[in-house]
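Numbering (our numbering), first residue to last: 205 to 548. Notes for the one structure printed next.
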Amino acid sequence: MKIVTKTSVIALSALMGTTAFAQDNSLTINSFGGAYEDAHRACIITPFEEETGATVNVVTAYSADAFAQLRAQKDAPQFDVLHFSGGQEIVGASEGLLAPIDASKLTNAGDVYDFAKANLAKGEGPAYSIAAIGLVYNTEALSEAPSKWTDLLNPDYSEHLVLTDISNGYGMLGFLMLNQVQGGDLSNIQPGLDAVSQLLEAGAIIVSTSPEIQQEFAQNDAWIAPYASDYAYTLRKADLPSGFVQGAEGTPASYITANLVAGRPNMDLALKFIDKEISPAAQECFAEALRYSPTNAKAELSPEVAADIAYGEDGVKGLIRFDPATIEANRSAWVEAWNKTIAR
Numbered sequence: 205m206k207i208v209t210k211t212s213v214i215a216l217s218a219l220m221g222t223t224a225f226a227q228d229n230s231l232t233i234n235s236f237g238g239a240y241e242d243a244h245r246a247c248i249i250t251p252f253e254e255e256t257g258a259t260v261n262v263v264t265a266y267s268a269d270a271f272a273q274l275r276a277q278k279d280a281p282q283f284d285v286l287h288f289s290g291g292q293e294i295v296g297a298s299e300g301l302l303a304p305i306d307a308s309k310l311t312n313a314g315d316v317y318d319f320a321k322a323n324l325a326k327g328e329g330p331a332y333s334i335a336a337i338g339l340v341y342n343t344e345a346l347s348e349a350p351s352k353w354t355d356l357l358n359p360d361y362s363e364h365l366v367l368t369d370i371s372n373g374y375g376m377l378g379f380l381m382l383n384q385v386q387g388g389d390l391s392n393i394q395p396g397l398d399a400v401s402q403l404l405e406a407g408a409i410i411v412s413t414s415p416e417i418q419q420e421f422a423q424n425d426a427w428i429a430p431y432a433s434d435y436a437y438t439l440r441k442a443d444l445p446s447g448f449v450q451g452a453e454g455t456p457a458s459y460i461t462a463n464l465v466a467g468r469p470n471m472d473l474a475l476k477f478i479d480k481e482i483s484p485a486a487q488e489c490f491a492e493a494l495r496y497s498p499t500n501a502k503a504e505l506s507p508e509v510a511a512d513i514a515y516g517e518d519g520v521k522g523l524i525r526f527d528p529a530t531i532e533a534n535r536s537a538w539v540e541a542w543n544k545t546i547a548r
């Protein structure tokens, strides 16, 4: 686990055992590191501190690590707000680790799309950003943009297609969508595995990480890859011609949620922080910086930014959230089946 704070790792450990993190005007949250954390600070954390006079202590911890810490701290929680991108809030809420949220205490809740706040009363925090999974493509190599998930099976693309291993969260969502358009569902992934086998035989390749996708577009004549909306922007920043489209059959979505930890003394301040995250200004900033989709209907984006993401009521209508609990329950078996398929 990586830890980055305003103090050293040793100092962090000492602080988390004291009342310093329990003061009324101090919050402890997690963020995801790198460019994400830079945007988190610029768009939300620093403005919140300036507006409230509060101190926000940031621990860099990705979703799985943050959830493991939440469980380990069950009897004495040390975070106030936790952010997840893998659906961990569903389990955390069911285990009583996350507190129900009264929507009336969030001034921006009324403008948030219903799907992004559906289970506040159960303890599942609101989604404040969405990573939409669609088709990232080379705008110079393809005179006509792909428009459907079934376009991945176009023989003309076969030797220029990049798939991502399902050990990668975005790779998992892209695979499940391919499986769905081939007739499968979460109880039957064989149609998707058969499609992957067919694509590999035709010349497609599989990578595991985002940088590998960039390498394929930069060096190996990649034309198309099912991946997250923000990555077309990443490729363009690297001077690679790229665009993003939502497949006509639907758009798998990774919800990035802000969750209220149960049993903390400063929950009112934590709710103010969550409210900041679902505000139009914060979400506009995130979209501009990272190309994540806003969940606040009042967020207004430039045409350039909007073109890269699922945006507005029409844009979010096609979002699909594959049940995170089902994914987690089947992950090991699916990975085993996937590995057997790609090893042939």
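Idealized CB from N, CA, C, for every residue including glycine.
message = Tell me which residues share the same chain as alanine 243 and place their Cβ nearer than 8 Å to its Cβ, disregarding the 5 neighbours each side in the sequence.
response = Cys489, Phe490, Ala493, Leu494
ask   = serine 458 and asparagine 342: beta carbons closer than 8 Å?
value = no
inquiry  = Just to confirm, is the Cβ distance from alanine 486 to lysine 480 under 8 Å?
reply    = yes
query = So which of Lys321, Gln423, Ile294, Ala529 has the shortest CA-CA distance to leucine 439?
reply = Gln423
Within 8 Å, strictly: CB atoms of leucine 302 and valine 465 = yes
key: CB contact flag (isoleucine 460, serine 289, <8 Å)   = yes
key: Residues of its chain near isoleucine 249, where Cβ-Cβ distance is below 6 Å and the 5 sequence neighbours each way are ignored   = Val260
request  = Output the distance between the C-alpha atoms of isoleucine 214 and valine 262, rounded to the nearest integer angstrom.
outcome  = For isoleucine 214, the predicted structure reports a pLDDT of 34, less than 50, and the residue's modelled location is therefore unreliable. A value from the coordinates is still provided. Distance between the alpha carbons of isoleucine 214 and valine 262: 14 Å.
request  = Please list, in chain order, all residues of the same chain as glycine 373 whose beta carbon is under 8 Å from its beta carbon, the five residues on each side excluded.
outcome  = Ser289, Gly290, Ser458
message = Taking only three categories from DSSP, how would you classify leucine 523?
response = strand
Residue range of the unbroken beta strand (DSSP E) whose run includes proline 168 = With the chain represented from 205 up to 548, any question about residue 168 goes unanswered, as that position is not in the structure.
task = Would you kindly check if the distance between the Cβ of serine 351 and the Cβ of valine 449 is under 8 Å?
result = yes
request  = Can you tell me which of the three DSSP states asparagine 497 falls into?
outcome  = First, the residue type needs correcting, since residue 497 is serine and not asparagine in the sequence shown. Serine 497 falls in the strand class under three-state DSSP.
task = Please work out which residues of its chain come closer than 7 Å, Cβ to Cβ, to tyrosine 266, disregarding the five sequence neighbours upstream and downstream, and give them in chain order.
result = Phe236
ask   = Among the residues of its own chain, which have a CB less than 8 Å from the CB of glutamate 241, if the five just before and after it don't count?
value = Val208, Ser235, Val262, Thr264
key: Cβ separation of proline 456 and phenylalanine 526, assumed to be a contact under 8 Å, to the nearest whole Å   = 6 Å
key: Proximity test, alanine 529 beta-carbon vs the ligand FMN heavy atom, cut-off 7 Å   = Among the ligands in the structure shown, none appear at all, so the ligand FMN cannot be discussed.
task = If I'm right that isoleucine 337 touches proline 430 with Cβ under 8 Å, what's the distance once you round it to whole angstroms?
result = 7 Å
key: Coil, strand or helix - proline 330 by DSSP   = coil
key: Cα-Cα separation between isoleucine 531 and valine 539, rounded to whole angstroms   = 11 Å
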